[in-house]
Amino acid sequence: MIFAANFKTNHTRATTKAYIEALKEKLVAKKSEDSVYIFPPATALDSYAGDFTLGVQNAYTVQNGAYTGEIGLEQLEEFAIKTILVGHSERREILGESQELVAAKFAYFKEQGFEIIYCIGEPLEIREQGDSAVLEYLLAQFEDIDTSYENLIIAYEPIWAIGTGRSATTEEIENTHTALKKTIQKPLLYGGSV
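Using numbering that gives the first Met the number 0, you'd call the opening residue of the sequence shown number 0 and step up by one each time.
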């Protein structure tokens with residue numbers, strides 16, 4: 000199994016390190032062989048080195064340069080980061096990242112050999128239209144995305160189930176995963192409130 004934890008803007012360097020150490024102890028105690036990915040806030044990228052895959056929540060499509068507030072490849076290389084989230088709904092919805100920008104990030108980090116967890120999801124108004132509408136909406140998010148990329152993992156996260164206290168039902172998740180797997184044969188995660 001694959002487990003991924005996106006801390007967003009939660010946790011400090013100290014609490015990130017404490018969380019990771021506690022998680023490591025639990026997994027060692029359970030003799031877990033699961034793949035675990037941690038996406039801490041950018042300020043905590045240096046908080047851990049070990050058995051988990053450490054990834055970045057966002058980066059820009061440059062080596063370095065005059066891009067205020069962004070992280071470039073040069074900074075990621077300093078931390079030996081080779082995994083990135085691309086297309087997260089909060090970046091699309093809150094920060095206005097277009098499919099064009101999302102596809103550019105995907106292409107750039109694919110070219111750099113990164114493992115990419117590509118996020119897709121639908122808002123409640125699409126979910127309420129039924130499974131066909133959901134699938135159409137989700138598949139549109141693969142425009143200009145190379146779904147044959149060997150280092151690709153898909154994270155399906157219904158937007159309406161992120162931080163709202165409402166979770167997708169097992170049936171909704173299974174139906175969506177089944178439909179997606181008919182089109183895209185990549186590892187598929189569920190993201191959102193659990």
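We put the beta carbon where it would ideally sit given N, CA and C, even for glycine. Just so it is clear, the structure is predicted and the values come from calculations on it, not from any experiment.
Below 8 Å, enough C-beta pairs join the stretch 40-60 and the stretch 94-110 to call them touching: three or more. Within the DSSP secondary-structure output, residue 44 pairs in no beta bridge. Setting aside the 5 residues that flank it on each side, residue 154 is surrounded in the same chain by 116, 118, 188 and 190, each with a C-beta closer than 6 Å to its C-beta; the list follows chain order.
Scanning the stretch 35-121 from its first residue to its last, the whole alpha helix (DSSP H) runs of 4-plus residues come out as 72-77, 88-92 and 98-110. Membership of residue 178 in any beta strand (DSSP E) is not indicated; the residue belongs instead to the alpha helix (DSSP H) covering 169-182. Separation of residue 31 and residue 23 (C-alpha to C-alpha, rounded to the nearest whole angstrom) is 10 Å.
For residue 4, the enclosing beta strand (DSSP E) begins and ends at 1-5. In this structure, the CA atom of residue 77 is about 29 Å from the CA atom of residue 143.
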